[in-house]
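Chemist:
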Ligand code: GLS
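Numbering (the working numbering), first residue to last: 1 to 820.
(1) At a threshold of 6 Å, does residue 127 count as lining the ligand GLS (C-beta to nearest heavy atom)?
(2) Assuming residue 657 contacts residue 569 under a Cβ cut-off of 8 Å, what Cβ separation, rounded to an integer in Å, is found between them?
(3) Nearest-angstrom Cα distance between residue 252 and residue 342?
(4) Can you tell me whether DSSP reads residue 350 as helix, strand or coil?
(5) Say yes only if the C-beta of residue 370 is nearer than 6 Å to one or more non-hydrogen atoms of the ligand GLS, and no if none qualify.
(6) Determine the direct distance from the alpha carbon of residue 212 to that of residue 249, and round the result to whole angstroms.
(7) Answer yes or no: the CB of residue 475 versus the heavy atoms of the ligand GLS, is any distance below 6 Å?
(8) CB residue 700 to CB residue 778, shorter than 7 Å?
(9) Express the C-alpha separation of residue 674 and residue 791 in angstroms, rounding to a whole number.
(10) What's the call for residue 119, buried or exposed, on a 16-neighbour Cβ count within 10 Å?
(11) Hey, would you say the C-beta of residue 667 is under 6 Å away from at least one heavy atom of the ligand GLS?
(12) Considering only residues of the same chain and omitting the five flanking positions on each side of residue 259, which have a CB-CB separation below 6 Å?
(13) Quick one: Cα of residue 371 to Cα of residue 431, how far?
(14) Take every Cβ of the stretch 786–802, pair it with every Cβ of the stretch 304–323, and state whether three or more of those distances are shorter than 8 Å.
(15) State the DSSP-derived secondary structure class of residue 411, mapped to helix, strand or coil.
(16) Between the stretch 497–515 and the stretch 160–167, do three or more beta carbon pairs fall short of 8 Å?
(17) On the DSSP bridge list, what partners appear for residue 237?
(18) So if DSSP puts residue 271 in a beta bridge, which residue, or which two residues, is it bridged to?
(19) Sorry if obvious, but does the Cβ on residue 679 come closer than 6 Å to a heavy atom of the ligand GLS?
(20) Per DSSP, which residues does residue 593 bridge with? Please list them.
(21) Verify the contact flag: residue 811, CB atom, against every heavy atom of the ligand GLS, threshold strictly below 6 Å.
(22) Can you tell me which of the three DSSP states residue 470 falls into?
(23) Is residue 22 helix, strand or coil when you go by DSSP?
(24) When you compare the CB positions of residue 172 and residue 53, do they come within less than 7 Å of one another, or not?
(25) Please indicate yes or no: does the CB of residue 364 lie closer than 6 Å to some heavy atom of the ligand GLS?
(26) On the DSSP bridge list, what partners appear for residue 76?
(27) Please state the DSSP three-state secondary structure of residue 656.
(28) Determine, using beta carbons only, whether residue 149 and residue 81 come nearer to each other than 7 Å.
(29) Under a Cβ-count criterion, where at least 16 other Cβ atoms within 10 Å of its own Cβ denotes burial, should residue 215 be classed as buried or exposed?
(30) Between which residues of its own chain and residue 531 is the CB-CB distance below 7 Å, once the five residues before and five after are set aside?
(31) Should residue 715 be labelled buried (16 or more other beta-carbon atoms within 10 Å of its own) or exposed?
(32) Rank 168, 206 and 153 by C-alpha distance to the C-alpha of residue 288 and give the top, closest one.
(33) By Cβ distance below 7 Å, which residues in the same chain neighbour residue 350 in space, the five residues on each side in sequence not counted?
(34) Restricting to Cα atoms, I'd like to know which of 471, 562, 139 and 429 is closest to residue 415.
(35) Around the C-beta of residue 460, are 16 or more other C-beta atoms found within 10 angstroms, so that it is buried, or is it exposed?
(36) Should residue 696 go down as buried or exposed, given a rule of 16 or more other Cβ atoms within 10 Å for buried?
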């Protein structure tokens, strides 16, 4: 079966609901061995996925053929995370057959919506960084760029979260245990990866030998684009034992610590490390990184040789590799190794080629999130790579740094890829960010403010040495998933209202600004939001057993739980609102529902305490009749992409309240505004650019700026002073600390109280609290003026053109990948 879309210059015939229904039945019977009357939504989901896969595969072949014949450079996006979310509904949308499929399934007697709910989320990422990679794959494909994503096919994605007594409980997410029809094993393209061993010299050449070997098996997931015949590939590697030979059987004496004995070949691709903005520092994680990098580079080099030439000297003309954060940074050393040891390219030329090929995206300024590996560990696992890192470092320090700061040993120490130990005898650490900068021709931050801080604070010396190297590419989100697919009613209203296809050119939404004041349009916009809120209310009832009214303000904070994101500030404010209502139950405030969704890294104590506290407060508030339903608090368990798709279209207020200077960009902020929520936010990350686009009157900005944050730290800051001064803050913190909310464990919230009062309140929750509370007053006042509210909401949605990931990818194309 083949497919076409209106407006698509493609010669394939259009499919209708009849074709789809027939193909579904064929797959039910012939692929799954199920009779029609035995089929439930789960079987229909699988059969329908196979139908779509068939279309994808046909198009992948056509895409590859076109690319082989074309001259374009291929983009390889290397990422340890691709948080793709459910694929069936999105693919149906992108292929333009969603409506016909709805009809087909109605004919077969099972509504498509029920079928789509049967797909488990491929949770192959932690949060924004992984989701960005997925949006970028969508955009590269939509823009017909020859592109391939490389990652790991984790057997267990991010853990599933539930709550017991309000505390987070983690269980493994074997997301592909039942079936994953999207992934296709490509045994022909398997790779062998070496680990451990020694480097010896043979006839003046370094030879890496006595190694262990594991096998990398590729699983290809098709990536559809919107309104195009192009289908790209996301290639995810799975580790297997090679030759029946397992790392476990390796002479234990060679390991330097006993933990490493737990590492077996299959183990490598078992689990996604559940940390966002915080590296795990474990040997297995380094092996994961190298494993997928080695497989991916070998694979792309093979392709280059097949399609271009045996020699790699001009590989940069055809290959661009983007490092998604430092997680794949070892690729710099691996690429150099291949060039030098396997292709006999001399060091200096190898470094030139490497730099032409590689570019690196930085996603965080948090010092603890910058990856460093002990030199000893790299030497043990990848001895040849450690030598190569030394060679790169030597060249960098002694010719490049020396040229800019002659004779300055202090500067060499500061910039060395291999860090001097703080104390003699400590292990030397390899700074993966420095390796990435030195090995790349471009480095980018992910929002204007963040990129400026990368230039000025994180890598000022590199910026001085190479003023053209560090640039900005502001993040974006795909409007296909984050508007068209998740908010079909709004998408239809927009289609009716404005000219042209905003799905492909999001700037077209700007035309909607003309309707921001129009009462009839406002009414329809508001009615759609109300509808979406009703749907979300049903989800909340099902998951939390709490009744919420769609007439209340839905105020949402969904993102990873991290102190810098300041869910705790939201919590303190909710507690204060509750107390204000208890003092005066007739207070003239609009009813509000505060909605949370967040997973905490399993080892992150304070983050888990915050979840526990929110849940306990929620329980208290939701069961207190005195406040007459003016306040509700819900924490939706197991936040993930498919839940975000239900929450975002229903939000009135979007909480983007990180300490200024900490959130590199944020992308949820863009999705909310696109769907007509108003942002309450600090001047951090992409909020700054969102404010520029929507105008200061259409956003609730509050709090300290980056400059004020550093001034305050410089002056010296004591959160206790604020505690002593603010009666409201004092009363809620004392309440948290009193044991009243958790009588069976009265000390439960101590870690949070300590972080706020006794450990310096590093994230300045106390300092920003009053401004935050004032911003919420402004929100409440605005809500009381519906014409103003909806004007602002529509203006937000209409102003999001800049934040399409298509624009981001076009920026990458021009500024980094040299695409014409
Ligand atoms: C992150 C940042 O924290 C986010 O601000 C950013 O939007 C995202 C994508 O660039 O990358 N970095 C990180 O380690 N996790 C993220 O979500």
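Note that the Cβ used here is the ideal one computed from N, Cα and C, for glycine as well.
Modeler: From the atom records:
(1) The residue you call residue 127 lines up with position 127 of the chain shown. Under cutoff, so the answer is yes.
(2) Here residue 657 refers to the residue found at position 657 when the chain shown is read from its first residue. Here residue 569 refers to the residue found at position 569 when the chain shown is read from its first residue. The pair is a contact, with the Cβ atoms about 6 Å apart (cut-off 8 Å).
(3) Position 252 of the chain shown holds residue 252. Position 342 of the chain shown holds residue 342. Confidence in residue 252 is poor, its pLDDT being 40 and thus under 50, which makes the residue's placement unreliable; the coordinate value appears in the next sentence. Those two C-alpha atoms are separated by around 30 Å.
(4) For the purposes of this step, residue 350 is identified with residue 350 of the chain shown, where counting begins at 1. Note: residue 350 maps to helix in three-state DSSP.
(5) Reading the chain shown from its first residue, position 370 is the one you call residue 370. No, since every heavy atom of the ligand GLS falls outside the 6 Å radius drawn around the Cβ of residue 370.
(6) Taking the chain shown and counting its residues from 1, one reaches residue 249 at position 249. Taking the chain shown and counting its residues from 1, one reaches residue 212 at position 212. Only weak support exists for where residue 249 lies, its pLDDT of 45 falling under 50; the value from the coordinates is given anyway. Those two C-alpha atoms are separated by around 10 Å.
(7) Residue numbering aside, residue 475 sits at position 475 when the chain shown is read from its first letter. At least one heavy atom of the ligand GLS is nearer than 6 Å to the Cβ of residue 475, so yes.
(8) As a working mapping, residue 700 is identified with position 700 in the chain shown. As a working mapping, residue 778 is identified with position 778 in the chain shown. Yes.
(9) Taking the chain shown and counting its residues from 1, the one referred to as residue 791 is at position 791. Taking the chain shown and counting its residues from 1, the one referred to as residue 674 is at position 674. Approximately 14 Å, taken between the alpha carbons.
(10) Working through the chain shown from its first residue, we reach residue 119 at position 119. Classification of residue 119: buried, given that the 10 Å Cβ count is 16 or more.
(11) Here residue 667 corresponds to residue number 667 of the chain shown, with the count starting at 1. True, at least one ligand heavy atom lies under 6 Å from that Cβ.
(12) One-based indexing of the chain shown puts residue 259 at position 259. Model confidence at residue 259 stands at a pLDDT of 41, short of 50, so the residue's coordinates are unreliable and nothing is read from them.
(13) Here the question's residue 371 lines up with position 371 in the chain shown. Here the question's residue 431 lines up with position 431 in the chain shown. Their backbone Cα atoms lie some 6 Å apart in a straight line.
(14) no
(15) As a first step, residue 411 is located in the chain shown; it is residue number 411 there, counting from the start. Reduced to three states, the DSSP call for residue 411 is helix.
(16) no
(17) As a working mapping, residue 237 is identified with position 237 in the chain shown. DSSP lists 152 and 218 as partners of residue 237.
(18) As a position in the chain shown, residue 271 is number 271, starting the count at 1. Answer by DSSP bridge pairing, in chain order: 156.
(19) Here residue 679 is taken as the residue at index 679 of the chain shown, counted from 1. It does not: the Cβ of residue 679 is nowhere closer than 6 Å to a heavy atom of the ligand GLS.
(20) Here residue 593 refers to the residue found at position 593 when the chain shown is read from its first residue. Looking at the DSSP assignment, residue 593 forms a beta bridge with 554 and 632.
(21) In the chain shown, residue 811 corresponds to position 811, counting from 1. Residue 811: no, Cβ never under 6 Å from the ligand GLS.
(22) For this step, residue 470 is matched to residue 470 along the chain shown. DSSP places residue 470 in strand when its eight states are reduced to three.
(23) In the chain shown, the residue the question calls residue 22 occupies position 22. The answer is helix: DSSP assigns residue 22 an H, G or I state.
(24) As a first step, residue 172 is located in the chain shown; it is residue number 172 there, counting from the start. As a first step, residue 53 is located in the chain shown; it is residue number 53 there, counting from the start. Against a cut-off of 7 Å, the Cβ pair of residue 53 and residue 172 comes out as no contact.
(25) To locate residue 364, count along the chain shown from 1; it is residue 364. Yes, the beta carbon of residue 364 sits closer than 6 Å to at least one heavy atom of the ligand GLS.
(26) Your numbering for residue 76 matches position 76 in the chain shown. Bridge partners of residue 76: 148 and 321.
(27) If you number the chain shown from 1, residue 656 lands on position 656. In this structure, residue 656 counts as strand in the three-state DSSP scheme.
(28) Your numbering for residue 149 matches position 149 in the chain shown. Your numbering for residue 81 matches position 81 in the chain shown. It is not a contact, given that the beta carbons lie outside the stated cut-off.
(29) The sequence position of residue 215 within the chain shown is 215, counting from 1. Buried, by the Cβ-count rule.
(30) Within the chain shown, residue 531 is the residue found at index 531, counting from 1. 489, listed in sequence order.
(31) The residue you call residue 715 lines up with position 715 of the chain shown. Exposed, because fewer than 16 other Cβ atoms sit within 10 Å of the Cβ of residue 715.
(32) Looking up residue 288 in the chain shown gives position 288. The shortest Cα separation from residue 288 among 168, 206 and 153 belongs to 153.
(33) Along the chain shown, one-based indexing puts residue 350 at 350. Closer than 7 Å at the Cβ level, and outside the excluded window around residue 350, lie 336, 339 and 340.
(34) Taking the first residue of the chain shown as 1, we reach residue 415 at position 415. The option with the nearest alpha carbon to residue 415 is 429.
(35) Here residue 460 corresponds to residue number 460 of the chain shown, with the count starting at 1. By the neighbour-count rule (16 or more Cβ atoms within 10 Å), residue 460 is not buried but exposed.
(36) The count along the chain shown starts at 1 and reaches residue 696 at position 696. Looking at its Cβ environment, which holds fewer than 16 other Cβ atoms inside 10 Å, residue 696 is exposed.
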